[in-house]
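Peer 1: Below is one structure. I have some questions about it.
There are 2 protein chains.
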Amino acid sequence: MTMTYQHIEAARQRLKGQAHVTPVMTSRTLNQLVGADIFFKCENYQRVGAFKFRGAFNAMSKLTDEQKAKGVLTLSSGNHAQAVALVGRLLDIRTTVIMPDNAPATKRSATEAYGARVIDYDPDTTSREAVVDRFDREGNYTLVHPFDHEDIIAGQGTATLELAESIGHLDMLLVPCGGGGLLSGSAIAAKGLYPNCRVIGIEPEVADDATRSFHTKILQTVPNPPTIADGTRTPSLGNLTFPLILKYVDDMRTVTEEAIMEAVRFLFYRMKMVVEPSGALGLAALLSGSVKPVGKVGIIISGGNIDGPTMTLILNSEPVDH
Amino acid sequence: MTMTYQHIEAARQRLKGQAHVTPVMTSRTLNQLVGADIFFKCENYQRVGAFKFRGAFNAMSKLTDEQKAKGVLTLSSGNHAQAVALVGRLLDIRTTVIMPDNAPATKRSATEAYGARVIDYDPDTTSREAVVDRFDREGNYTLVHPFDHEDIIAGQGTATLELAESIGHLDMLLVPCGGGGLLSGSAIAAKGLYPNCRVIGIEPEVADDATRSFHTKILQTVPNPPTIADGTRTPSLGNLTFPLILKYVDDMRTVTEEAIMEAVRFLFYRMKMVVEPSGALGLAALLSGSVKPVGKVGIIISGGNIDGPTMTLILNSEPVDH
Numbered sequence: 030m031t032m033t034y035q036h037i038e039a040a041r042q043r044l045k046g047q048a049h050v051t052p053v054m055t056s057r058t059l060n061q062l063v064g065a066d067i068f069f070k071c072e073n074y075q076r077v078g079a080f081k082f083r084g085a086f087n088a089m090s091k092l093t094d095e096q097k098a099k100g101v102l103t104l105s106s107g108n109h110a111q112a113v114a115l116v117g118r119l120l121d122i123r124t125t126v127i128m129p130d131n132a133p134a135t136k137r138s139a140t141e142a143y144g145a146r147v148i149d150y151d152p153d154t155t156s157r158e159a160v161v162d163r164f165d166r167e168g169n170y171t172l173v174h175p176f177d178h179e180d181i182i183a184g185q186g187t188a189t190l191e192l193a194e195s196i197g198h199l200d201m202l203l204v205p206c207g208g209g210g211l212l213s214g215s216a217i218a219a220k221g222l223y224p225n226c227r228v229i230g231i232e233p234e235v236a237d238d239a240t241r242s243f244h245t246k247i248l249q250t251v252p253n254p255p256t257i258a259d260g261t262r263t264p265s266l267g268n269l270t271f272p273l274i275l276k277y278v279d280d281m282r283t284v285t286e287e288a289i290m291e292a293v294r295f296l297f298y299r300m301k302m303v304v305e306p307s308g309a310l311g312l313a314a315l316l317s318g319s320v321k322p323v324g325k326v327g328i329i330i331s332g333g334n335i336d337g338p339t340m341t342l343i344l345n346s347e348p349v350d351h
Numbered sequence: 030m031t032m033t034y035q036h037i038e039a040a041r042q043r044l045k046g047q048a049h050v051t052p053v054m055t056s057r058t059l060n061q062l063v064g065a066d067i068f069f070k071c072e073n074y075q076r077v078g079a080f081k082f083r084g085a086f087n088a089m090s091k092l093t094d095e096q097k098a099k100g101v102l103t104l105s106s107g108n109h110a111q112a113v114a115l116v117g118r119l120l121d122i123r124t125t126v127i128m129p130d131n132a133p134a135t136k137r138s139a140t141e142a143y144g145a146r147v148i149d150y151d152p153d154t155t156s157r158e159a160v161v162d163r164f165d166r167e168g169n170y171t172l173v174h175p176f177d178h179e180d181i182i183a184g185q186g187t188a189t190l191e192l193a194e195s196i197g198h199l200d201m202l203l204v205p206c207g208g209g210g211l212l213s214g215s216a217i218a219a220k221g222l223y224p225n226c227r228v229i230g231i232e233p234e235v236a237d238d239a240t241r242s243f244h245t246k247i248l249q250t251v252p253n254p255p256t257i258a259d260g261t262r263t264p265s266l267g268n269l270t271f272p273l274i275l276k277y278v279d280d281m282r283t284v285t286e287e288a289i290m291e292a293v294r295f296l297f298y299r300m301k302m303v304v305e306p307s308g309a310l311g312l313a314a315l316l317s318g319s320v321k322p323v324g325k326v327g328i329i330i331s332g333g334n335i336d337g338p339t340m341t342l343i344l345n346s347e348p349v350d351h
């Protein structure tokens with residue numbers, strides 16, 4: 030099966046009445062600053078606070094009764110875990126989430142609050158794939174991978190369909206990139222609607238595996254990258270997302286940790302939005318000059334799940350003028 | 030002249046294309062928690078980050094050419110200062126803002142960045158009325174009072190008109206109260222549309238002058254109240270706003286400083302919105318049980334201008350479970 034625009038359209042139908050149609054926000058100050066019209070698609074206002082609800086609902090609602098009865102297994106320490114847990118509750122599917130034992134307590138408790146069983150493992154001694162394999166064998170679960178899964182990719186692409194419905198033609202689209210589910214889905218959607226729209230994936234400089242993979246056309250890996258953008262700490266693209274990104278994405282760019290924090294502060298102070306570091310990558314690329322915007326530019330804000338200590342750190346790390 | 034619903038309708042026409050029609054946000058989690066349908070009218074996304082733009086634009090656009098030529102004078106250390114400064118720039122009116130010399134440097138610089146001249150005074154040795162009187166005499170300025178002014182009140186009421194346009198019938202409306210401009214304008218608008226809508230003003234417990242004024246029907250004053258909700262530090266209601274509140278408002282309630290901070294955290298973590306403490310008063314009243322919500326409840330979020338240290342303080346002052 031080859032993924033197409035029609036898969037994303039079909040996902041959109043499934044998500045009707047389930048996912049929020051998130052707002053599109055703009056800033057006159059920003060438009061004047063960068064000389065283009067910037068439209069933020071605000072998935073921080075999505076259910077569970079991130080775009081991940083879209084993919085999880087699309088994938089899990091498509092399961093057969095038999096697959097649903099087995100229960101869903103996934104691996105995630107972040108927003109995908111909460112999304113799978115919430116969708117499990119909505120669709121009455123048992124969910125099990127494998128999480129490293131150093132995951133933030135708040136993420137674990139949020140996932141459990143939505144009703145998932147959380148299994149932890151020591152990432153220093155065990156690979157997460159080994160844990161998944163063991164569970165998959167033992168429990169005969171239905172695995173819903175956080176990004177390397179066609180229904181997940183199709184679901185994530187629906188944010189871009191909504192953005193286009195709301196503002197029409199797009200000249201450029203900036204999308205954060207971790208495992209590439211959001212980026213590949215968004216690119217398929219954007220190119221399906223506006224073939225000339227320039228789609229650019231944005232990564233932290235210290236987690237530039239996808240950027241190097243894109244340019245070398247050979248899958249690159251960065252294990253445990255030291256970035257504040259925890260949603261992009263995935264070591265590499267997936268078997269599905271890598272070729273989709275090579276096919277549909279026009280370019281990849283990186284941004285520094287300082288640029289990410291500056292973008293989170295801009296969104297906080299100027300736009301009054303709580304955005305997690307990964308969600309601020311697109312704006313970071315604009316503010317730092319890593320991407321030169323042209324015409325009507327969409328930016329996907331992937332999520333808003335940031336804890337107090339991280340926001341405190343960012344608000345208090347304002348650069349000193351020299 | 031008696032203020033009526035028609036004044037607010039007229040203000041709405043003047044604001045078209047100038048003020049943002051701000052979004053209305055909801056939270057399923059909150060609705061389940063309080064057992065009612067809560068609709069937040071998000072003036073934190075208004076121009077200058079607060080509802081104050083509405084009143085300032087309405088009042089200043091109505092000035093005669095002669096009044097405009099004199100330039101506008103106002104007194105404010107907060108959001109009204111920035112609003113007057115921005116409207117001055119938009120309408121090409123010279124603006125002068127009188128500000129206590131202990132006002133936050135960020136507010137002063139933001140006001141100056143919009144093009145206003147800022148005059149400071151020592152609030153320990155001089156009353157702000159005395160400074161205004163002196164300037165008014167010397168410079169023959171046009172005074173635009175931050176709340177005790179019919180065109181300001183009418184402008185502030187337009188947020189409620191938009192809320193009603195967006196969601197229809199309202200059973201209850203919760204509005205923060207400082208000098209009472211927003212509260213009286215909102216009440217006139219709500220009662221004009223839905224006479225049975227219960228309008229409740231919310232104040233910090235330590236700044237309860239309006240609540241006591243409302244119940245005793247005699248104007249009460251609290252000088253320099255020690256509340257984190259800086260938008261409500263006004264010592265008392267005004268000559269215009271007090272009788273309007275007695276006429277149109279159904280009740281006044283107070284909330285503790287802890288309840289205000291809890292509401293700011295809820296808006297941050299659950300709704301991903303940056304809201305200043307004054308803007309969180311309505312939600313604080315719900316979460317603390319100070320107001321029992323019934324049916325469809327509107328809450329005016331007055332603004333989102335919060336500095337880093339204050340947000341840091343609030344995020345880090347999570348109550349300890351006993």
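Residue numbers (our numbering), protein chains in the order written: chain A, 30 to 351; chain B, 30 to 351.
Backbone N, C-alpha and C define an ideal beta-carbon position, used for all residues, glycine too.
1. Going by the beta-carbon positions, is the gap between R157/B and L104/B smaller than 8 Å?
2. Between which two residues does the beta strand (DSSP E) containing G230/A stretch?
3. Using a Cβ cut-off of 8 Å (strictly closer), state whether Y74/A contacts chain D.
4. With a floor of 4 residues, list each alpha helix (DSSP H) that falls wholly inside the stretch 36-74 of chain B, ordered by position along the chain.
5. Would you mind reading off the limits of the beta strand (DSSP E) that contains V284/B?
6. Please confirm whether F82/B and I127/B have their CB atoms less than 8 Å apart.
7. So with Cβ pairs under 8 Å, would you call F82/B a contact of chain A?
8. Sort F295/A, T256/A, R241/A by Cα distance to T250/A and report the nearest one.
9. Taking only runs of the beta strand (DSSP E) that begin and end inside the stretch 255-342 of chain A, which ones reach a length of at least 3 residues, in chain order?
10. By DSSP, does A79/B sit in helix, in strand, or in coil?
11. Quick check: the Cα distance between A85/A and V101/A, rounded to an integer number of angstroms?
12. Less than 8 Å between the beta carbons of V53/B and K70/B, yes or no?
13. Report the partner residues of D149/A according to the DSSP bridge assignment.
14. What residues in the stretch 324-350 of chain A bring their beta carbon closer than 7 Å to a beta carbon of chain B?
15. To the nearest angstrom, how far is it from the Cα of A359/B to the Cα of S90/A?
16. In chain A, which residues lie less than 7 Å from F297/B when you measure between Cβ atoms?
17. How would you write the range of the alpha helix (DSSP H) that L199/A sits in, first residue to last?
18. Using CA atoms only, rank isn't needed, just tell me which of G221/A, T124/A, I196/A, T154/A is closest to N2/A.
19. Check whether the Cβ of G100/A lies closer than 8 Å to any Cβ atom in chain B.
20. Just tell me which of K45/B, A134/B, A139/B, E95/B has its CA closest to the CA of A114/B.
21. Output yes if chain A places a C-beta closer than 8 Å to the C-beta of P52/B; else output no.
22. Would you mind telling me which residues of chain B sit closer than 7 Å to G78/A, beta carbon to beta carbon, in chain order?
23. Note the first and the last residue of the continuous alpha helix (DSSP H) segment covering L104/B.
24. Which residues share a DSSP beta bridge with H133/A?
25. Quick one, which of V228/B, L342/B, P338/B, E347/B has its alpha-carbon nearest E347/A's?
26. If I measure Cβ to Cβ from R43/A and keep anything under 6 Å in the same chain, skipping five residues before and after, which residues do I get?
27. Which value, in whole angstroms, describes the spacing of the CA atoms of A309/B and E287/B?
28. Can you check DSSP and say which residues form a bridge with P224/B?
29. State the Cα-Cα distance for the pair L222/A and G230/A, rounded to the nearest angstrom.
30. Within a Cβ cutoff of 7 Å, which residues of the same chain sit near H351/B, ignoring the five residues on either side of it in sequence?
31. Can you give me the C-alpha to C-alpha distance between F176/B and G186/B, rounded to a whole angstrom?
32. Assuming V278/B contacts D200/B (C-beta within less than 8 Å), just tell me the rounded distance between them.
33. Using C-beta distances below 7 Å, list every residue in its chain close to L316/A, excluding the 5 sequence neighbours before and after it, in chain order.
34. Touching or not, the stretch 202-214 of chain B and the stretch 266-273 of chain B, by the rule of three or more beta carbon pairs under 8 Å?
Peer 2: Here's the rundown:
1. The answer is yes: Cβ separation under 8 Å.
2. 227-233 is the span of the beta strand (DSSP E), which, as asked, contains G230/A.
3. The structure shown contains no chain D; the protein chains it does contain are A and B.
4. 57-63
5. 280-284
6. no
7. no
8. R241/A
9. 280-284, 325-330
10. strand
11. Near 11 Å, if we compare the C-alpha coordinates of V101/A and A85/A.
12. Yes, Cβ-Cβ distance for V53/B and K70/B is below 8 Å.
13. M128/A
14. Those residues of the stretch 324-350 of chain A that come within reach of chain B (Cβ to Cβ, closer than 7 Å) are G333, G337, M340, T341, L344, N345.
15. Outside the shown range of chain B (30 to 351) lies residue 359/B, about which nothing can therefore be said.
16. V303
17. From DSSP, L199/A is part of no alpha helix (DSSP H); its letter is neither H nor E.
18. In the structure as shown, chain A begins at 30 and stops at 351. Residue 2/A is therefore absent and cannot be evaluated.
19. No, because no Cβ of chain B sits closer than 8 Å to the Cβ of G100/A.
20. A139/B
21. yes
22. Within 7 Å Cβ-Cβ: K301.
23. Looking at the DSSP string, L104/B is not in any alpha helix (DSSP H); the run it does join, the beta strand (DSSP E), is 101-104.
24. First, the residue type needs correcting, since residue 133/A is Pro and not His in the sequence shown. In the DSSP output, where bridge partners are listed per residue, P133/A has none listed.
25. P338/B
26. N87, S90
27. 12 Å
28. The partner list for P224/B (beta bridge, DSSP) is empty, contrary to what the question assumes.
29. 18 Å
30. With a pLDDT of only 44 at H351/B, under 50, the local geometry of the prediction cannot be trusted, and the value read off the model is given with reservation. Result list for H351/B: empty, nothing under 7 Å.
31. 12 Å
32. Not confirmed; about 15 Å, so no contact.
33. A288, E291, A292, F295
34. yes
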